[in-house]
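1 is the number of the first residue of the sequence shown in the numbering used here; add one for each residue after it. These notes concern the structure reproduced below.
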Amino acid sequence: MKNLVILISGVGSNMAAILDASRTEKWDETLGARVSLVISNRADAAGLERARVCQIETAVLDHRSFPSRGAFDSALAEMIEEQQPALVALAGFMRILGPAFVDRFQGRLINIHPSLLPAFPGLLTHERVLRSGCRVSGATVHRVTADLDHGPILGQACVPVLSGDDAEQLAARVLSQEHLLYPRVLRELLGSGKV
Ligand code: GRF
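Okay, structure coming up:
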């Protein structure tokens, strides 16, 4: 069975959706990998407890205890390499990974972003979508490159922006699609024979 490593920093609802997909017994919905490790850069990430409840191995690597971004990236890379993962899924992981890290995992590093990239990369996505007047938004799963939120797109899902939406309402609508999109794209990749 292939290994999948998930990196989180917070709630971990995308992680939970991927975990569910990895544990389904429906043959046509199976992910094709087991989540072998969930790593958080924050000890208080709620997703850690969700993973533990599912009896998934977890680890905390606090970026603040490293002298530099490079030192954190190296320690993280070593921890991940021990799993020999087919893919590494960033799921709400709020640290920018440096070019050496990205190079090391080239072709295996995947991220989800809550907008229709290439529109609205970066933070405060939903606030900026609302300010722009866009009538649609969505989520994008993409390969990670050194250029933040700009890697090749692997899949997208759209949602309407409704009049009267605030950022929280829009975020919830997008997130419900993320939970379907991320496992679907990972399943396609893992089944493609390319990873
Ligand atoms: C999601 O909206 C994801 O697209 C973004 O951060 C959020 C993480 O949510 N990168 P969760 O931790 O998976 O619940």
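Where is the CB? At the ideal position from N, CA and C, for every residue including glycine. Values in this document were obtained by computation on a predicted structure and should not be read as measured data.
Flag P121 as yes when its Cβ comes closer than 8 Å to any non-hydrogen atom of ligand 1, and as no otherwise.
Against the sequence shown, residue 121 aligns to sequence position 121. Every heavy atom of ligand 1 is 8 Å or more from the Cβ of P121, so no.
Please check the pair L180 and V161, which I expect to be a contact at CB under 8 Å, by giving their CB distance rounded to whole angstroms.
Counting from one through the sequence shown, the residue named residue 180 turns up at place 180. Counting from one through the sequence shown, the residue named residue 161 turns up at place 161. At roughly 19 Å, the Cβ-Cβ gap does not stay under 8 Å, so L180 and V161 are not in contact.
What do you reckon, is the C-beta of G138 under 8 Å from a heavy atom of ligand 1?
The residue labelled residue 138 in the question sits at position 138 within the sequence shown. Not so, every heavy atom of ligand 1 lies at least 8 Å from the Cβ.
What residue range is occupied by the uninterrupted beta strand (DSSP E) comprising V102?
Counted from its first residue, the sequence shown places residue 102 at position 102. From DSSP, V102 is part of no beta strand (DSSP E) but of the alpha helix (DSSP H) over P99 to R104.
Give me whichever residues DSSP pairs with N111 in a beta bridge.
Residue 111 sits at position 111 when you count from the first residue of the sequence shown. Beta-bridge pairing links N111 to L90 and H142.
On the criterion of 16 or more Cβ atoms from any shown chain inside 10 Å, does I110 qualify as buried, or is it exposed?
For the purposes of this step, residue 110 is identified with residue 110 of the sequence shown, where counting begins at 1. Under this definition I110 is a buried residue.
Check whether the Cβ atoms of I8 and V35 lie closer than 9 Å to each other.
The residue you call residue 8 lines up with position 8 of the sequence shown. The residue you call residue 35 lines up with position 35 of the sequence shown. No, the pair does not count as a contact, with Cβ atoms beyond the cut-off.
I'd like the span of the beta strand (DSSP E) that includes N3, first residue to last.
One-based indexing of the sequence shown puts residue 3 at position 3. It spans K2 to I8 - the beta strand (DSSP E) in which N3 sits, taken as one unbroken run.
Proximity to Q83 [Cα-Cα], best of D149, D147 and R108
As a working mapping, residue 83 is identified with position 83 in the sequence shown. Cα-wise, what sits closest to Q83 is R108.
Heavy atom of ligand 1 less than 8 Å from the Cβ of N3, yes or no?
Here residue 3 corresponds to residue number 3 of the sequence shown, with the count starting at 1. Answer for N3: no, Cβ out of range of ligand 1.
Which residue's Cα is closest to the Cα of A16: V144, R50 and D28?
For the purposes of this step, residue 16 is taken as the residue at position 16 of the sequence shown. Minimum Cα distance to A16 is reached at R50.
CB-CB length for A89 against L190, believed under 8 Å
By one-based count along the sequence shown, residue 89 stands at place 89. By one-based count along the sequence shown, residue 190 stands at place 190. Their Cβ separation, rounded to whole angstroms, is 11 Å, which puts A89 and L190 out of contact at 8 Å.
Quick check on this structure: which residue in F101, H113, T125 and Q169 has the alpha carbon closest to the alpha carbon of E78?
Start at 1 with the first residue of the sequence shown, and residue 78 comes out as number 78. The shortest Cα separation from E78 among F101, H113, T125 and Q169 belongs to F101.
For I6 and V53, believed in contact at Cβ under 8 Å, the rounded distance
Looking up residue 53 in the sequence shown gives position 53. Looking up residue 6 in the sequence shown gives position 6. Not really, about 15 Å apart at Cβ, beyond 8 Å.
According to DSSP, is Q156 part of a helix, a strand, or is it coil?
In the sequence shown, residue 156 corresponds to position 156, counting from 1. Q156: strand per DSSP, three-state reduction.
Are S40 and T58 touching if we call contact CB-CB under 9 Å?
Position 40 of the sequence shown, counting from 1, holds the residue named residue 40. Position 58 of the sequence shown, counting from 1, holds the residue named residue 58. Contact: yes.
In terms of alpha-carbon separation, which member of T140, V144, N3 and S115 lies closest to F105?
What you label residue 105 is simply residue 105 of the sequence shown in a count that begins at 1. That would be V144, whose Cα lies nearest to the Cα of F105.
DSSP beta-bridge partners of A33
Against the sequence shown, residue 33 aligns to sequence position 33. Its beta-bridge partners are K2.
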